[in-house]
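K.L.:
Each residue of the sequence shown is one higher than the one before, starting from -5 at the first, in the numbering used here.
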Amino acid sequence: GLIVATGVIASAPTIGYAQDVSALNNIAATANGAAGTTLFNVLSGLNPVRLQEIDTPGTAVAVACQGQRIAVADYAAGLAIVDISNPTSASITHQVNLGSAATCVVPYGPLALTGTAGGDVVAVDLRTGAILWRVPSVAGQVQDLAVSGETLYAYRTGRVDAISLTTVVPAVAGSAAIS
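#1: With DSSP run on the structure shown, which of helix, strand or coil describes residue 82?
#2: Would you mind sorting residue 69 into buried or exposed? The rule is 16 or more other CB atoms within 10 Å of its CB.
#3: If you count every other CB in all the chains shown that lies within 10 Å of the CB of residue 189, and 16 or more means buried, which is it?
#4: Could you check whether the segment 56 to 73 touches the segment 38 to 45, counting it as contact only if at least three pairs of C-beta atoms, one from each stretch, sit closer than 8 Å?
#5: Considering Cα atoms alone, identify which of 31, 107, 132, 55 is closest to residue 77.
#6: For residue 84 and residue 157, I'd like the C-alpha separation in whole angstroms.
#7: Does the separation of the CB atoms of residue 129 and residue 92 fall below 7 Å?
#8: So, is residue 26 buried or exposed, given that buried needs 16 or more other C-beta atoms within 10 angstroms?
#9: Does the Cβ-Cβ distance between residue 15 and residue 56 come in under 7 Å?
#10: Please classify residue -4: is it buried, with 16 or more other beta-carbons within 10 angstroms of its beta-carbon, or exposed?
#11: Would residue 150 and residue 167 be called neighbours here (beta carbons separated by less than 7 Å)?
#12: Can you tell me which of 49, 33, 94 puts its alpha carbon nearest to the alpha carbon of residue 80?
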C-alpha cells in the first residue's frame, strides 16, 4: 500500500476549547464549551478563516451542520439552532428545552437528532425548533449518535441501540451490549 503522512495541515484559534467539529458546504463549526460555537470558512482547507463566535446560553458540547443551520448540543440549555445563511451575522433562532441536558447531536434531513443526559433521543425540526418526536430512555445517558441509511444508532455506556427512522413513531428496534 501507499504510505500516508498524517498531521495538522492547518489550524485556527477558537475562544474556548473545541470539543466537537462539523463541516458542510465550506463552513465548519466547533463546539467550544462555555464559549459557545465558532464558525469558520474552510473553502481553502489550508487556511481556515474564523467568521464569527456565537455565545450560546449553555455549554456547547457537540455541533452538527445541516443546510443553512447548525444545531448545538448546549448541555443544560438544551439545543441551540443557529441560522448560518449569512455566516458573518449568524444568530440563534431557537433555543429548545429538551427536558434534560443535550449531550450529542447529529443531522438527519431537516432534523437535529439529539441525545440527552436523561437517555432520550429527541428529533427537533431545524426550521421551526419544534420537537417532533422522542424515543424515551431505555438505559442511561446518550453519549453519541450516528445515522446510517434510515437507522439511528444511539451509544450509551455498555450498549448501542438501533432506532428505525422509517416508522411513524420511532422506537428502539434492537440493542447490542458492548464491552
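Beta carbons: idealized from backbone N, C-alpha and C, even for Gly.
P.N.:
In short, the structure shows the following:
#1: The answer is helix: DSSP assigns residue 82 an H, G or I state.
#2: It is buried - the Cβ of residue 69 has at least 16 other Cβ atoms within 10 Å.
#3: Because residue 189 is not part of the residues shown, which for the chain are -5 to 173, the question remains open.
#4: no
#5: 31
#6: 32 Å
#7: No.
#8: So residue 26 counts as buried.
#9: no
#10: exposed
#11: No.
#12: Among 49, 33, 94, the Cα nearest to that of residue 80 is on 33.
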